[in-house]
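These notes concern the structure reproduced below.
Residue numbers (our numbering): 680 to 949.
Have a look at this one:
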């Protein structure tokens, strides 16, 4: 295994052994025997979100897509706030193939090998690092400056939302040149007034342009603040579509975050 791969392996072990959330994949164990490094996760029988968007024949229903997006947003928000007010985990590689689906179609954020711990209490706070991630999902600001923030994850999550709503890949070289990149194509379509034309025809009758606009807010190059986008996005969709079963128990979330913070302090993660 390369030094980069080994670094990602141990980062994954360190992070997932301390973090606990319903929408974060669970690490059951690992093996590091005779240069063979293996991670053992909980079984995810429904594969990845990417599989169901771009590989398998039966498309996801609108309810399934919406529930998956809300679950993934919850998992991402937990990472960003799990250690309390000052610190959080920035995933750095949010994409549809890193959102796993259990037997109940609940979304589980996975692959924390590239993640970083940093101060996240202020939108302007960043971690200076070598640029890592996946082309098509990379935040342009992070790509050009190397400054990693929670908004970097937010941009990537916005790309995932566009994938879900438009049923198109983040990057697709088989399309006409102006449609290669999903984000610029969607943004240009909005400018031209073609909002409804880019939504997947299979769900077009069940949703409103609001959902697509919410996705594009996440992919703005100059996003004012992470906190004014992700949480309101989750709760506005919950209220808008009447998904009361996704409303969190605030006390339980608070206790979970405090326990996580204690575990990470004791183990010296930060």
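Where a beta carbon is used, it is the ideal one built from N, C-alpha and C, also for glycine.
Inset, instruction - Go to residue 768, then tell me how far its beta strand (DSSP E) extends in each direction, as first and last residue. - result: Here residue 768 refers to the residue found at position 89 when the chain shown is read from its first residue. From DSSP, the beta strand (DSSP E) with residue 768 extends over 766–769.
- Query: What three-state label does DSSP hand residue 722 in the structure shown?
  - Reply: The residue given as residue 722 occupies position 43 in the chain shown. Residue state, collapsed to three classes: coil.
Nearest-angstrom Cβ-Cβ length linking residue 772 and residue 811, presumed shorter than 8 Å
To locate residue 772, count along the chain shown from 1; it is residue 93. To locate residue 811, count along the chain shown from 1; it is residue 132. About 7 Å separates the beta carbon of residue 772 from that of residue 811, a gap short enough to meet the 8 Å contact definition.
| query | For residue 963, which of helix, strand or coil comes out of DSSP? | reply | It is not possible to answer for residue 963, since the shown part of the chain is limited to 680 through 949.
Check your understanding: Is residue 778 near residue 747, with beta carbons less than 9 Å apart?
Key -> Locating residue 778 in the chain shown gives position 99, where the first residue counts as 1. Locating residue 747 in the chain shown gives position 68, where the first residue counts as 1. A contact, by the Cβ cut-off of 9 Å.
>> Measuring only the C-alpha atoms, how far is residue 695 from residue 873?
In response: Residue numbering aside, residue 695 sits at position 16 when the chain shown is read from its first letter. Residue numbering aside, residue 873 sits at position 194 when the chain shown is read from its first letter. Roughly 42 Å between the two C-alpha positions.
Item to complete: Excluding the 5 residues preceding and the 5 following residue 881 in the sequence, name in chain order all residues of the same chain whose CB lies nearer than 6 Å to its CB.
Response: Here the question's residue 881 lines up with position 202 in the chain shown. Shown here for residue 881: same chain residues with a beta carbon closer than 6 Å to its own, the five before and five after excluded, namely 738 in chain order.
* With burial defined as no fewer than 16 other Cβ atoms inside 10 Å of the residue's Cβ, what is the status of residue 682: buried or exposed? -> Looking up residue 682 in the chain shown gives position 3. Answer is exposed; the Cβ neighbour count stays below 16.
With a CB to CB cut of under 6 Å and the five nearest residues on each side skipped, what residues in its chain are close to residue 710? Indexing the chain shown from 1 puts residue 710 at position 31. Correct list, in chain order: 717.
* To do: Please work out which residues of its chain come closer than 6 Å, Cβ to Cβ, to residue 705, disregarding the five sequence neighbours upstream and downstream, and give them in chain order.
  => The count along the chain shown starts at 1 and reaches residue 705 at position 26. Contacts found: 721.
What does a CB cutoff of less than 6 Å around residue 786 pick up in its chain, not counting 5 residues either side in sequence? Position 107 of the chain shown, counting from 1, holds the residue named residue 786. Excluding positions up to five away in sequence, the list reads 702, 747, 750, 751, 778.
**Asked** Ordered along the chain, which non-local residues of its own chain (more than five positions away) have a Cβ less than 7 Å from that of residue 921?
**Response** Within the chain shown, numbered from 1, the residue matching residue 921 stands at position 242. Because residue 921 sits at a pLDDT of 45, beneath the cut-off of 50, its placement in the model cannot be relied upon, and the point is left open.
query = What's the C-alpha gap between residue 896 and residue 819?
reply = Walking along the chain shown from the start, residue 896 turns up at place 217. Walking along the chain shown from the start, residue 819 turns up at place 140. One C-alpha to the other measures close to 14 Å.
When you compare each of 715, 745, 733, 795 to residue 776 by their alpha carbons, which one comes out closest? Position 97 of the chain shown, counting from 1, holds the residue named residue 776. Comparing Cα positions, the closest option is 733.
**Prompt:** If residue 838 sits next to residue 861, beta carbons under 8 Å apart, how far is it from one beta carbon to the other, in whole angstroms?
**Reply:** Residue 838 sits at position 159 when you count from the first residue of the chain shown. Residue 861 sits at position 182 when you count from the first residue of the chain shown. Taking 8 Å as the upper bound for CB-CB distance, residue 838 and residue 861 are in contact here, some 6 Å apart.
- Item | Rounded distance between the beta-carbons of residue 884 and residue 876, thought under 8 Å | As a first step, residue 876 is located in the chain shown; it is residue number 197 there, counting from the start. As a first step, residue 884 is located in the chain shown; it is residue number 205 there, counting from the start. A Cβ-Cβ distance of about 14 Å is found for the pair residue 876 and residue 884, leaving them out of contact under the 8 Å criterion.
Need the endpoints of the alpha helix (DSSP H) that residue 751 sits in, please. In the chain shown, residue 751 corresponds to position 72, counting from 1. DSSP places residue 751 inside the alpha helix (DSSP H), whose first and last residues are 741–760.
Tell me whether residue 808 counts as near the ligand GDP, meaning its Cβ is closer than 8 Å to at least one heavy atom of that ligand. As for the ligand GDP, it is missing from this structure, which has no ligand bound.
*asked:* Within 10 Å of its beta-carbon, does residue 756 have 16 or more other beta-carbons around it, so buried, or fewer, so exposed?
replied: On the chain shown, residue 756 is found 77 positions in, with the first residue counted as 1. Its Cβ being crowded by 16 or more others within 10 Å, residue 756 is buried.
Next item on the list: Specify, as a first and last residue, the run of the alpha helix (DSSP H) that residue 820 falls within.
Entry: Position 141 of the chain shown, counting from 1, holds the residue named residue 820. Segment 819–824, the alpha helix (DSSP H) holding residue 820.
Is the distance from the Cβ of residue 634 to the Cβ of residue 794 below 9 Å?
Because the chain is modelled from 680 through 949, residue 634 falls outside the range shown and cannot be assessed.
Starting from the Cα of residue 791, find the closest Cα among 864, 707, 692, 851 and give me that residue.
-> Counted from its first residue, the chain shown places residue 791 at position 112. The residue from 864, 707, 692, 851 with its alpha-carbon nearest to that of residue 791 is 692.
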